[in-house]
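Participant:
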Amino acid sequence: MKTVRCLEDTCIKPKPDFERLKKSLLRKGNPDDVPFYELYANKGTMEKVLMREIKTASDIVEFYYKTGYDYVPVGIYLPLTKGSLKDSSKGYPVTDRESFEKYPWPSIAEINYNLLEETCKVLPEGMRIVGQTNGIFENTESLCGYEGLCYLLLDDRELVNEIFRRLEKLFTALYTAMASFKEIGALVISDDMGFKTQTLIAPDDLREFVLPRHKKFAKIAHQKEKPCILHSCGNLKTIMDEIIDDVGIDAKHSFEDAILPITEASKLYGHRVALLGGFDVDRLCRSTEEEIRKHTSLLIEECGSNGGYALGSGNSIADYIPIENYLCMLDQGWSMRK
């Protein structure tokens, strides 16, 4: 294998076929033809790979096409006015019933699908879109603040439920609209529910407020015969059975070696749900080319044997990941296809 420094050094010869990824999401894939999967690569990464500025939907599609993906991820988000770390000292928008009633909740008509529509126009033959948005739990956390949400769970659980109900209405419309696009091949529920050692709120609270909504969104995808992927960071051990058996996801993404290496997750869950990515981001940043090739091969051999795996990072391709390391992972993965 020659050293990879840029896209032209790889052995990737694009021939997108979304059915390859779809079969893997449904655990019916070919172990000798493992697809690629990322939640996304950020703008800086795309610009480094293409060696030019990313300006349009066509530019984004070109990146995913040339790097060997069978799809383009497109995120559509609710137009919510939310709190941030920067302004948390001033308070978050929803802290009690009065602020909930005064909050300027957007209408369904305000959701902007322009990026999705533009991407549909420039999709190469064989490619599809994987539609995604940020999660109902994440949005609640952004509206209330993490600490504020924790207090509300003790002080006013009915208000918490009302916040989730209001968001559920918006997300239901969003997922229903995305599922109606024939160009969309799968949908992602992207909702970080944990951190290194446990879930962000009590598992029973997630079971009450979050997982039933996830189940509804997964059903929307399945009604249109589209696989549903859950992206969620953190230690979800206490709720994984419900996520798989009750929510009914087809595939799980986001793995960190410090929490649960994907090779171990494969032994625990690989016979029940497809597993995506798993090349730990820290490892991908620090490894040599030889180490990256060896670990990529290990992931494909150990996780891909049951037909329910797609190669990628443990989270996403941030622009601090050395571009040659990222391309080396893809090059090795492509070279193992038969």
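Per numbering that gives the first Met the number 0, residue 0 is the first one in the sequence shown, and the count goes up by one each step. Backbone N, C-alpha and C fix where the C-beta goes; we use that ideal spot for every residue, glycine too. The structure presented is a predicted model; accordingly, all values stated were derived computationally and were not measured.
Considering Cα atoms alone, identify which of 141, 164, 53 is closest to residue 191.
Facilitator: For the residues 141, 164, 53, the minimum Cα distance to residue 191 belongs to 141.
Participant: How about residue 215 and residue 186: are their beta carbons less than 7 angstroms apart?
Facilitator: no
Participant: Quick check: the Cα distance between residue 167 and residue 201, rounded to an integer number of angstroms?
Facilitator: 20 angstroms
Participant: Please determine if the region 114-131 and the region 59-75 are in contact, where contact requires at least 3 C-beta pairs separated by less than 8 angstroms.
Facilitator: yes
Participant: If you draw a straight line from the alpha carbon of residue 303 to that of residue 329, how long is it in whole angstroms?
Facilitator: 15 angstroms
Participant: State buried or exposed for residue 286, treating a residue as buried only when at least 16 other CB atoms are found within 10 Å of its CB.
Facilitator: buried
Participant: Could you tell me which whole beta strand (DSSP E) segments of length 3 or greater appear in the region 246-283?
Facilitator: 250-252, 273-275
Participant: Give me whichever residues DSSP pairs with residue 187 in a beta bridge.
Facilitator: 131, 228
Participant: Determine the direct distance from the alpha carbon of residue 220 to that of residue 165, and round the result to whole angstroms.
Facilitator: 20 angstroms
Participant: Given this structure, state the Cα-to-Cα distance separating residue 222 from residue 22, to the nearest angstrom.
Facilitator: 17 angstroms
Participant: Short check: CB of residue 312 to CB of residue 280, under 7 angstroms?
Facilitator: Closer than 7 angstroms, so yes.
Participant: Enumerate, from N- to C-terminal direction, the unbroken beta strand (DSSP E) stretches of 3 or more residues contained entirely within the region 57-82.
Facilitator: 70-74
Participant: Could you compute how far the alpha carbon of residue 291 sits from the alpha carbon of residue 151?
Facilitator: In this model, residue 291 and residue 151 are separated by some 45 angstroms (Cα to Cα).
Participant: For residue 106, name the three-state secondary structure that DSSP assigns.
Facilitator: Residue state, collapsed to three classes: coil.
Participant: Taking Cβ positions, are residue 5 and residue 333 nearer each other than 7 angstroms?
Facilitator: no
Participant: The alpha helix (DSSP H) spanning residue 27 covers which residue range?
Facilitator: Premise fails: residue 27 is in no alpha helix (DSSP H) and is neither H nor E.
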